[in-house]
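Engineer: Numbering (my numbering), first residue to last: 5 to 403. Before I ask anything, let me first share the structure, which is written out below as structure tokens.
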Amino acid sequence: MNTVAYDILDEIIERKLKSRHRIFADKEKLHPDYIPDYLPHREEQIKRVASILVSALEGVRPSNILIYGLTGTGKTAVTLYVLKRLGKKAIDFDARFKYAYVNTRKTDTTYRVLADIARSLGLRIPYTGLAIAEVYRRYVEALENWGGVHIVVLDEIDYYVRKHGDDLLYKLTRINEELEHSKVSLIGITNDINFVENLDPRVRSSLGEEEIVFPPYNAEQLYDILMERAKQAFNPNTISNEVIRYCAALAAREHGDARRALDLLRVAGEIAEREMAEKVTVKHVKKAAMEIEYGRIQQVVSTLPLHAKLVLKAIIVLVRKHGHATTGETYNYYREFARSIGLEPLTQRRVSELINELDMLGLVNAVVVNRGRYGKTKMIRVGDLIDVIDDALERFMGE
DNA sequence: CTTCCACCGGAAGTACCGGTAA
DNA sequence: TTACCGGTACTTCCGGTGGAAG
């Protein structure tokens with residue numbers, strides 16, 4: 005009896021192990037953070053970035069760079085690609101060259117941004133406890149002791165500036181005035197082109213010494229990108245041109261987002277593998293599109309603070325009833341709901357902010373409207389994913 | 001043309017937490 | 001141990017506002 009159970013288990017494990025390598029040869033090649041050796045349709049941008057930064061190898065401070073482009077247009081990939089190459093060359097040239105990369109959406113406080121920059125020089129900075137001025141002091145000190153060219157990449161700076169203003173940017177653009185033996189160059193990456201307008205003019209002119217625009221990819225270019233990666237990521241004969249073309253077309257519809265296209269391809273492959281299919285098909289891609297969207301919602305909803313969940317629930321109930329909701333309606337419903345489960349409700353001011361946060365997370369759509377005599381409020385709507393959101397909400401309501 | 005609704009959203013402040021340095 | 005720091009998650013206060021109604 006036992007042997008039978010083991011046989012079954014063995015078989016499952018064996019089949020699982022076999023199937024794991026059936027579709028993918030090297031899934032890493034499709035990972036969002038992977039930087040490939042070849043970036044199709046970005047030769048221009050690579051040249052620009054590289055020609056600006058090479059002077060670092062001679063110890064000369066390169067101009068600051070501001071990079072614009074929508075999500076998934078290769079901004080981060082190109083920047084890191086050039087910096088990595090330069091880092092290797094620096095060894096041959098015996099040049100003192102280092103770089104820091106900070107995504108200011110993920111690392112979204114002044115302290116942590118500065119700490120990460122300082123850490124890239126090998127400093128040990130505690131997670132908390134120090135004054136920001138102290139972290140800055142240590143960074144400057146380390147730069148002076150080191151004496152090289154430090155390139156600081158601030159990715160998605162529009163998010164940081166919106167939240168905390170441009171004080172840090174101002175400080176960093178002027179840091180060279182305090183330095184004698186070292187130099188610092190900044191590379192700002194943003195997908196919001198308008199964001200520069202609300203920068204301090206001094207910061208704007210300094211950061212924008214050089215500006216590079218990354219246009220969106222079209223379907224054909226996306227196809228080339230996917231093809232290039234698919235060759236490495238998939239086993240032969242597991243994926244067709246048709247499937248790749250389909251992924252490219254889907255992503256092209258969304259402002260030519262290459263990351264999206266690669267995600268689709270990777271998840272489609274995972275689904276095919278799970279289903280023990282021989283090949284990835286268009287059907288798998290369609291499933292992947294759904295799975296990515298559902299997964300995102302589950303993830304976002306599950307990490308929402310309790311009161312944000314209650315507010316979201318209130319919105320869903322009201323939208324189901326009337327097709328839309330306003331801040332006032334939402335607040336009244338939320339307040340009674342919170343009281344009914346023995347919670348002290350938050351203020352309307354705070355709830356108004358929570359609604360904005362839900363909007364930014366893409367769970368709801370809130371637009372400020374003026375209804376004349378009937379006042380000014382936010383019109384809140386929820387897309388066709390309302391049922392998916394509600395499902396996730398029910399599942400994670402008890403934290 | 002003026003009123004006035006139903007909010008918006010900035011500013012300042014409070015409480016708390018996890019942490020450091022000396 | 002004590003003084004202090006930054007971040008989070010709020011509250012309190014309040015001036016501001018576009019446009020339908022009067």
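Just so you know, even glycine gets a beta-carbon here, dropped at the ideal spot from N, CA and C.
Mind listing, in chain order, the continuous beta strand (DSSP E) runs of no fewer than 3 residues lying wholly within the segment 208–292?
Structural biologist: 214–218
Engineer: Apart from the five residues on each side of it in sequence, which residues of its chain come closer than 6 Å, Cβ to Cβ, to V217?
Structural biologist: Y72
Engineer: If you measure between the beta carbons of R46 and V82, is that distance less than 8 Å?
Structural biologist: yes
Engineer: Could you spell out the range, first to last residue, of the alpha helix (DSSP H) harbouring R166?
Structural biologist: 161–168
Engineer: Does the beta-carbon distance from Y174 to V117 come in below 8 Å?
Structural biologist: no
Engineer: Would E160 be called buried (16 or more neighbouring beta carbons within 10 Å of its own) or exposed?
Structural biologist: By the neighbour-count rule (16 or more Cβ atoms within 10 Å), E160 is buried.
Engineer: Find out if the Cβ-Cβ distance for the pair T331, T381 is shorter than 8 Å.
Structural biologist: yes
Engineer: Would you mind listing the alpha helix (DSSP H) stretches within the segment 117–195 that are 4+ residues and don't spill past its ends, in chain order?
Structural biologist: Given a length threshold of 4 residues, each whole run of the alpha helix (DSSP H) inside the segment 117–195 is given here in chain order: 136–150, 161–168, 171–177.
Engineer: For R206, does the count of other Cβ atoms within 10 angstroms reach 16, so buried, or fall short, so exposed?
Structural biologist: exposed
Engineer: Here's the rule I'm using: 16 or more other beta-carbon atoms within 10 Å means buried, otherwise exposed. How should Q303 be labelled?
Structural biologist: exposed
Engineer: Which same chain residues end up closer than 8 Å to Y343 when comparing Cβ atoms and leaving out the 5 residues on each side of it in sequence?
Structural biologist: This sequence places Arg at residue 343; Tyr is not what is there. P349.
Engineer: Please identify the residue among Q236, L322, T285, S209 whose C-alpha is closest to the C-alpha of S244.
Structural biologist: T285
Engineer: For L389, which residues in the same chain have their Cβ closer than 6 Å to its Cβ, ignoring the five residues on either side in sequence?
Structural biologist: none
Engineer: Compute the beta-carbon to beta-carbon distance between D30 and Q236, rounded to the nearest angstrom, for a pair I have assumed lies under 8 Å.
Structural biologist: 6 Å
Engineer: Assign N369 to one of three DSSP states: helix, strand, or coil.
Structural biologist: strand
Engineer: Going by other Cβ atoms of all chains shown within 10 Å of its Cβ, with 16 needed for buried, is V372 buried or exposed?
Structural biologist: Counting Cβ neighbours within 10 Å, V372 comes out exposed, since fewer than 16 surround it.
Engineer: Exposed or buried, V247, counting other C-beta atoms within 10 Å across all chains shown (16 or more means buried)?
Structural biologist: buried
Engineer: So the alpha helix (DSSP H) K325 belongs to, where does it begin and stop?
Structural biologist: From DSSP, the alpha helix (DSSP H) with K325 extends over 310–326.
Engineer: What's the C-alpha gap between V188 and N198?
Structural biologist: 25 Å
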